[in-house]
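Chemist: With my numbering applied, the sequence shown closes on residue 276, and no number is skipped along the way.
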Amino acid sequence: MAEFTPADPSASPVLYLRFDATSEPEAWRSASFDDSAWNNAAPIDSIWGPLAASEIPPRMEAIFRPLEESAVTLSSGQAQAVRFDRVLSAYLGFKLRGAAGAVLFIQPNELDRPGFNRMSAVVLRDGVTFYELPFMDSLSTVNLTVTNTAAPVEIEDIRACFVSYPVTYRGSFESSDPELNRIWQASRWATQMCMQTRHLDSPDHQEPISDFGDYLIEAAENDYAFGERWLARQDLRKFAGILKNSGYLNFHTSYSLLWLQ
16 MAEFTPADPS ASPVLYLRFD ATSEPEAWRS ASFDDSAWNN AAPIDSIWGP LAASEIPPRM
76 EAIFRPLEES AVTLSSGQAQ AVRFDRVLSA YLGFKLRGAA GAVLFIQPNE LDRPGFNRMS
136 AVVLRDGVTF YELPFMDSLS TVNLTVTNTA APVEIEDIRA CFVSYPVTYR GSFESSDPEL
196 NRIWQASRWA TQMCMQTRHL DSPDHQEPIS DFGDYLIEAA ENDYAFGERW LARQDLRKFA
256 GILKNSGYLN FHTSYSLLWL Q
């Protein structure tokens with residue numbers, strides 16, 4: 016982690032993820048890499064205790080490309096906004112070419128404006144650097160800024176790996192009003208983005224599983240649009256474990272009773 020100080024003097028410093036590719040051993044992923052100097056892996060005790068087996072399938076994945084040509088060349092201090100055709104719950108990936116030590120700041124946002132929510136930066140190695148952000152984000156626009164280099168940085172490829180619970184569009188809605196049809200499609204997409212390994216309050220906020228009332232509404236939307244009840248079933252198993260461990264007193268205890276109506 017590193018700290019970034021915004022230009023606005025009233026804004027607080029921002030912590031962000033910083034990946035330094037110059038510290039990564041060259042070609043360590045290849046089968047011929049000599050890792051004999053590395054320490055052997057060793058088992059450690061789980062901080063969570065015994066875990067229950069998941070009963071849902073792996074998430075689906077789909078690659079989305081930017082609306083315009085993703086190849087971009089930026090000099091130090093230059094910025095570029097890269098846009099996708101919709102909001103995505105996705106992992107961002109980059110192929111970069113530049114000099115060692117050049118820094119690319121990455122700011123994903125749902126709205127088309129710079130911001131510091133889950134900002135990250137990658138320090139390039141000399142030549143080609145591949146980098147995929149290790150966390151899912153909610154985005155339609157990615158603001159990119161290059162710093163700390165005398166030579167331009169070539170952003171040769173940008174992709175968003177969209178992820179969600181695997182769904183089939185079983186539900187349908189059709190109206191003579193095009194705006195109502197658009198609202199249905201947008202709402203179905205928003206519901207799908209919130210369906211991950213649990214129902215999220217949003218793919219941006221990603222609230223830990225605790226607000227049982229939110230998930231009841233999402234489970235109903237899911238049922239109408241997709242008919243996928245296994246995710247709701249697994250959420251209920253988690254709710255039960257949370258309530259049991261908290262002595263059946265939770266900050267939203269009353270919300271859990273809504274499921275009994």
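Where is the CB? At the ideal position from N, CA and C, for every residue including glycine. Since the structure is predicted, the reported quantities are computational estimates derived from the model, not experimental observations.
I'd like to check one pair, VAL161 with SER61: are the Cβ atoms closer than 8 Å?
Modeler: Numbered from its first residue, the sequence shown carries residue 61 at position 46. Numbered from its first residue, the sequence shown carries residue 161 at position 146. Going by C-beta atoms, SER61 is not nearer than 8 Å to VAL161.
Chemist: Span of the beta strand (DSSP E) holding GLU76?
Modeler: Numbered from 1 along the sequence shown, position 61 holds the residue referred to as residue 76. GLU76 -> beta strand (DSSP E) spans 75-79.
Chemist: Who are the near neighbours of ASN124 in its chain, counting only those whose CB is closer than 8 Å to its CB and skipping five residues on each side?
Modeler: Taking the sequence shown and counting its residues from 1, the one referred to as residue 124 is at position 109. Answer for ASN124: GLY130, ASN132, LEU154, SER155, THR156, VAL157 and ASN158, listed in chain order.
Chemist: Kindly provide the ranges of any alpha helix (DSSP H) runs that are 4 or more residues long and lie completely inside the region 32-108, ordered along the chain.
Modeler: For the region 32-108, not a single whole alpha helix (DSSP H) run of length 4 or above is found.
Chemist: Taking the alpha carbon of GLY228 as the reference point, which residue from HIS214, ALA166 and LEU32 has its own alpha carbon closest?
Modeler: Position 213 of the sequence shown, counting from 1, holds the residue named residue 228. With distances taken between Cα atoms, GLY228 lies closest to HIS214.
Chemist: Pick out whichever of THR206, PRO167 and SER191 has its Cα sitting closest to the Cα of VAL178.
Modeler: Here residue 178 corresponds to residue number 163 of the sequence shown, with the count starting at 1. Checked all of THR206, PRO167 and SER191; the closest Cα to VAL178 is THR206.
Chemist: Could you tell me the distance, in whole angstroms, from the CA atom of ARG101 to the CA atom of GLN249?
Modeler: Within the sequence shown, residue 101 is the residue found at index 86, counting from 1. Within the sequence shown, residue 249 is the residue found at index 234, counting from 1. C-alpha separation (whole angstroms): 29 Å.
Chemist: Quick one, which of ARG128, GLN211, GLY256 and HIS220 has its alpha-carbon nearest ALA234's?
Modeler: Residue numbering aside, residue 234 sits at position 219 when the sequence shown is read from its first letter. Among ARG128, GLN211, GLY256 and HIS220, the Cα nearest to that of ALA234 is on GLN211.
Chemist: To which residues does DSSP link CYS176 through a beta bridge?
Modeler: Numbered from 1 along the sequence shown, position 161 holds the residue referred to as residue 176. DSSP, once it has assigned bridges, lists ILE78 and TYR106 as partnering CYS176.
Chemist: Is the Cβ-Cβ distance between GLY116 and THR183 less than 8 Å?
Modeler: As a first step, residue 116 must be located in the sequence shown, where it is residue number 101. As a first step, residue 183 must be located in the sequence shown, where it is residue number 168. No. Outside cutoff.
Chemist: Where do the N-terminal and C-terminal ends of the beta strand (DSSP E) with ASN237 fall, by residue?
Modeler: Residue 237 sits at position 222 when you count from the first residue of the sequence shown. Segment 227-240 is the alpha helix (DSSP H) holding ASN237; no beta strand (DSSP E) there.
Chemist: Over what stretch of residues does the beta strand (DSSP E) that includes ALA136 continue unbroken?
Modeler: Sequence index remark: in the sequence shown, residue 136 carries index 121 (1-based). That run of the beta strand (DSSP E) goes 135-138.
Chemist: Looking at ARG174: is its Cβ nearer than 8 Å to the Cβ of ILE78?
Modeler: Along the sequence shown, read from residue 1 onward, the residue named residue 174 stands at position 159. Along the sequence shown, read from residue 1 onward, the residue named residue 78 stands at position 63. Closer than 8 Å, so yes.
Chemist: With distance defined between alpha-carbon atoms, name the residue in ASP141, GLY64 and GLU83 nearest to ASP39.
Modeler: Residue numbering aside, residue 39 sits at position 24 when the sequence shown is read from its first letter. A small correction: the amino acid at residue 39 is Glu; Asp does not occupy that position in the sequence shown. Looking at the Cα atoms, ASP141 is the closest of the given residues.
Chemist: Please report the distance separating the alpha-carbon of GLY186 from that of ASN237.
Modeler: Here residue 186 refers to the residue found at position 171 when the sequence shown is read from its first residue. Here residue 237 refers to the residue found at position 222 when the sequence shown is read from its first residue. Roughly 9 Å separates the two Cα atoms.
Chemist: Do LEU107 and GLU169 come within 8 Å of each other at the CB atom, strictly closer than that value?
Modeler: On the sequence shown, residue 169 is found 154 positions in, with the first residue counted as 1. On the sequence shown, residue 107 is found 92 positions in, with the first residue counted as 1. No, Cβ-Cβ distance for GLU169 and LEU107 is not below 8 Å.
Chemist: From SER261 to LEU275, what distance separates their C-alpha atoms?
Modeler: The residue given as residue 261 occupies position 246 in the sequence shown. The residue given as residue 275 occupies position 260 in the sequence shown. Cα to Cα, SER261 sits roughly 19 Å from LEU275.
Chemist: Report yes if the C-beta distance between SER135 and LEU30 is below 8 Å; otherwise report no.
Modeler: Against the sequence shown, residue 135 aligns to sequence position 120. Against the sequence shown, residue 30 aligns to sequence position 15. Against a cut-off of 8 Å, the Cβ pair of LEU30 and SER135 comes out as no contact.
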